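Chains A and B, in that order, are what the protein sequence lines are. If you're matching positions, the first sequence starts at 607 in the numbering used here and goes up one per residue. If you're matching positions, the second sequence starts at 607 in the numbering used here and goes up one per residue. Heads up, the thing below is written out as structure tokens.
Number of protein chains: 2
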Amino acid sequence: MMQHVKPVDISSAYRVFNLGGTVFVQSSVGDDLDIMPASWVCPLDYSKMSAVVDSTHYTRKLIEKSGYMVLSTPGLGLQQEVMYLGTVSKNDNPGKIEDSGIQFFRMPDCEFPLIEGCAAWAVVKIIAEPHNQKTYDLFVGNIVAAWADDRVFSNNHWHLEKGPESLRSLHYCSGGHFYAIGKAVDVDGY
Amino acid sequence: MMQHVKPVDISSAYRVFNLGGTVFVQSSVGDDLDIMPASWVCPLDYSKMSAVVDSTHYTRKLIEKSGYMVLSTPGLGLQQEVMYLGTVSKNDNPGKIEDSGIQFFRMPDCEFPLIEGCAAWAVVKIIAEPHNQKTYDLFVGNIVAAWADDRVFSNNHWHLEKGPESLRSLHYCSGGHFYAIGKAVDVDGY
Numbered sequence: 607m608m609q610h611v612k613p614v615d616i617s618s619a620y621r622v623f624n625l626g627g628t629v630f631v632q633s634s635v636g637d638d639l640d641i642m643p644a645s646w647v648c649p650l651d652y653s654k655m656s657a658v659v660d661s662t663h664y665t666r667k668l669i670e671k672s673g674y675m676v677l678s679t680p681g682l683g684l685q686q687e688v689m690y691l692g693t694v695s696k697n698d699n700p701g702k703i704e705d706s707g708i709q710f711f712r713m714p715d716c717e718f719p720l721i722e723g724c725a726a727w728a729v730v731k732i733i734a735e736p737h738n739q740k741t742y743d744l745f746v747g748n749i750v751a752a753w754a755d756d757r758v759f760s761n762n763h764w765h766l767e768k769g770p771e772s773l774r775s776l777h778y779c780s781g782g783h784f785y786a787i788g789k790a791v792d793v794d795g796y
Numbered sequence: 607m608m609q610h611v612k613p614v615d616i617s618s619a620y621r622v623f624n625l626g627g628t629v630f631v632q633s634s635v636g637d638d639l640d641i642m643p644a645s646w647v648c649p650l651d652y653s654k655m656s657a658v659v660d661s662t663h664y665t666r667k668l669i670e671k672s673g674y675m676v677l678s679t680p681g682l683g684l685q686q687e688v689m690y691l692g693t694v695s696k697n698d699n700p701g702k703i704e705d706s707g708i709q710f711f712r713m714p715d716c717e718f719p720l721i722e723g724c725a726a727w728a729v730v731k732i733i734a735e736p737h738n739q740k741t742y743d744l745f746v747g748n749i750v751a752a753w754a755d756d757r758v759f760s761n762n763h764w765h766l767e768k769g770p771e772s773l774r775s776l777h778y779c780s781g782g783h784f785y786a787i788g789k790a791v792d793v794d795g796y
């Protein structure tokens, strides 16, 4: 699949997160890497993101230490992994990531591994906002690099209907229940 | 439709926004009411919301004056109105809301009119955060009342597949292009 992973224009990189689906929040310090799925991740500007990461999550310590988080959008093929990563904590199982079945690939200019089976990925450099982090568990940051799978996103636009169903975004409700993104809807004249 | 509008438990009212679709941000001071559609609206906690509202929007002045915003989730029947409300500013057309075709209804315990054709509604009381408002155009607040259409949401859960297609959430890409939320996906054991 790596041949399909293409850079996304940073100045409008929010678009890969605009559908509002479940996002993987990943962070690492050296070899110590964790991933948590999150619904409370949102564009804050054209190339800024916000994410709510509770203080109990192992991922949070890694974000605070490294100053970076990697956000990615798991597709319809990864719902089992989303549930596993969201219910098992690395605080309890240090082998969480190996046990999750998640596979990674590398991009030449990126120091962080990226998660296979996602439709888009972004590296976010955290902006220090101690009040927001403490009061709201809210982290904000600048997208400094982004990629998307060109079977479903190119020229700054999603075209999910042209790609494999396994890349359609997942939208979480509760208790193992999701909706996948559905049909395209176009309003003429805009 | 009013007979289908039922209160939502405040302690988990975030769930009506968890699918991540387009949201109407509405605010008013007296009879002066405006509505803007936004994708950058996100739960911040179980009964807290965040919303990015640019300083150029007429809606922002109303939020700052009133201290409240009403968030609602337009369904697949309202995509024309979403585009209209997102491209016409009340700064330019004082008759924007009348011209939009948006219809309202009233709930007995709510001082604000609610928008017909949405699947859920929430009244949010703004928490003063001048730094976030100035730096990121970010408003946060507490949900103080919420309702949902019981054909698609009840007992704190979405069941969109049981209701009319017109209430399915809209997820905005760009330039009049949306996706509607699609099929239910369940992971057993959670």
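Idealized CB from N, CA, C, for every residue including glycine. None of the values given here were measured: they were computed from a predicted structure.
Original post:
Quick one: what does DSSP say P770(B) is sitting in, helix, strand or coil?
Top reply: coil
**OP:** Can you give me the Cβ contacts of H663(A) inside the same chain, cut-off strictly under 6 Å, excluding the 5 residues immediately before and after it?
**Re:** M642
Original post:
Quick one: does S780(B) have its CB under 8 Å from some CB of chain A?
Top reply: yes
Subject >> Cβ-Cβ distance between M655(A) and L677(A) below 8 Å >> reply: yes
Original post:
Would you call the CB atoms of D638(B) and G782(A) closer than 8 Å?
Top reply: no
Subject >> Reduced DSSP category for M680(B) - H, G, I as helix; E, B as strand; rest coil >> reply: Here the sequence assigns Pro to residue 680(B), which means Met is not the residue at that position. P680(B) falls in the strand class under three-state DSSP.
**OP:** Using beta-carbon positions only, say whether W764(B) and V614(B) come within less than 8 Å of one another.
**Re:** no
Original post:
Which term fits S653(B), buried or exposed, when burial requires 16 or more other beta carbons within 10 angstroms of its beta carbon?
Top reply: buried
Subject >> chain A contact residues for T693(B), given Cβ-Cβ distances below 8 Å >> reply: Y796
Original post:
Between the stretch 618-630 of chain B and chain A, which residues of the former have a C-beta closer than 7 Å to a C-beta of the latter?
Top reply: Taking 7 Å as the upper bound on Cβ-Cβ separation, chain A lies near residues R621, N624, L625, G626 and G627 of the stretch 618-630 of chain B.
Original post:
By the 10 Å Cβ neighbour count, where 16 or more other Cβ atoms means buried, how is Y674(B) classified, buried or exposed?
Top reply: buried
Original post:
Using the rule of at least 16 other Cβ atoms within 10 Å of the residue's Cβ for burial, across every protein chain shown, is P680(A) buried or exposed?
Top reply: buried
Subject >> Listed by chain order, chain B residues near D756(A) by CB distance under 8 Å >> reply: The contacting residues do not exist; D756(A) stays about 16 Å from chain B at best.
Subject >> CA nearest to the CA of W646(B), picked from L682(B), K702(B), C779(B) and A619(B) >> reply: C779(B)
Original post:
L776(B) and L682(B): beta carbons closer than 8 Å?
Top reply: yes
Original post:
For the stretch 740-753 of chain A against the stretch 714-732 of chain A, are there 3 or more C-beta pairs whose distance is under 8 Å?
Top reply: yes
Subject >> Residue interval of the alpha helix (DSSP H) (run including G795(B)) >> reply: That residue, G795(B), is in no alpha helix (DSSP H); it is neither H nor E in DSSP.
Original post:
Would D792(B) be called buried (16 or more neighbouring beta carbons within 10 Å of its own) or exposed?
Top reply: Classified as exposed, D792(B) has fewer than 16 neighbouring CB atoms from the shown chains inside 10 Å of its CB.
Original post:
Is there at least one Cβ from chain A nearer than 8 Å to A585(B)'s Cβ?
Top reply: Absent from the structure is residue 585(B), since the part of chain B shown begins at 607 and ends at 796.
Original post:
Would DSSP call L776(A) helix, strand or coil?
Top reply: strand
Original post:
In terms of residue numbering, what span does the beta strand (DSSP E) encompassing L744(B) cover?
Top reply: Counting along the chain, the beta strand (DSSP E) containing L744(B) begins and ends at L744 to D755.
**OP:** Note down, in chain order, each residue of its chain lying with its Cβ closer than 7 Å to the Cβ of A790(A), except the 5 sequence neighbours on either side.
**Re:** E767
Original post:
In the DSSP assignment, what residue or residues form a beta bridge with H783(B)?
Top reply: D792(A) and S780(B)
Original post:
Does DSSP put V688(B) in a helix, in a strand, or in coil?
Top reply: helix
Original post:
Across which residues does DSSP place H763(A) in a beta bridge pair?
Top reply: S760(A)
Original post:
Should K612(B) go down as buried or exposed, given a rule of 16 or more other Cβ atoms within 10 Å for buried?
Top reply: exposed
Original post:
Does the distance from the C-beta atom of F710(A) to that of P700(A) stay below 8 Å?
Top reply: no
Original post:
Less than 8 Å separating the beta-carbons of T628(A) and V688(A)?
Top reply: yes
**OP:** In the DSSP assignment, find the beta strand (DSSP E) that holds S706(A) and state where it starts and stops.
**Re:** No beta strand (DSSP E) holds S706(A); the alpha helix (DSSP H) holding it covers K702 to S706.
Original post:
How would you label T665(B), buried or exposed, when you count the other beta carbons within 10 angstroms and need 16 or more for buried?
Top reply: Result: buried.
**OP:** Output yes if chain A places a C-beta closer than 8 Å to the C-beta of M689(B); else output no.
**Re:** yes
Original post:
So, is P736(A) buried or exposed, given that buried needs 16 or more other C-beta atoms within 10 angstroms?
Top reply: exposed
Original post:
At least one CB of chain A closer than 8 Å to the CB of H783(B): is that the case?
Top reply: Answer yes: the Cβ-Cβ gap between H783(B) and chain A drops below 8 Å somewhere.
Original post:
Taking only beta-carbon atoms, is L650(B) less than 8 Å away from chain A?
Top reply: yes
Subject >> Helix, strand or coil at F630(A) [DSSP, three-state] >> reply: strand
Original post:
Do we get a CB-CB distance below 8 Å when we pair Q686(A) with the residues of chain B?
Top reply: yes
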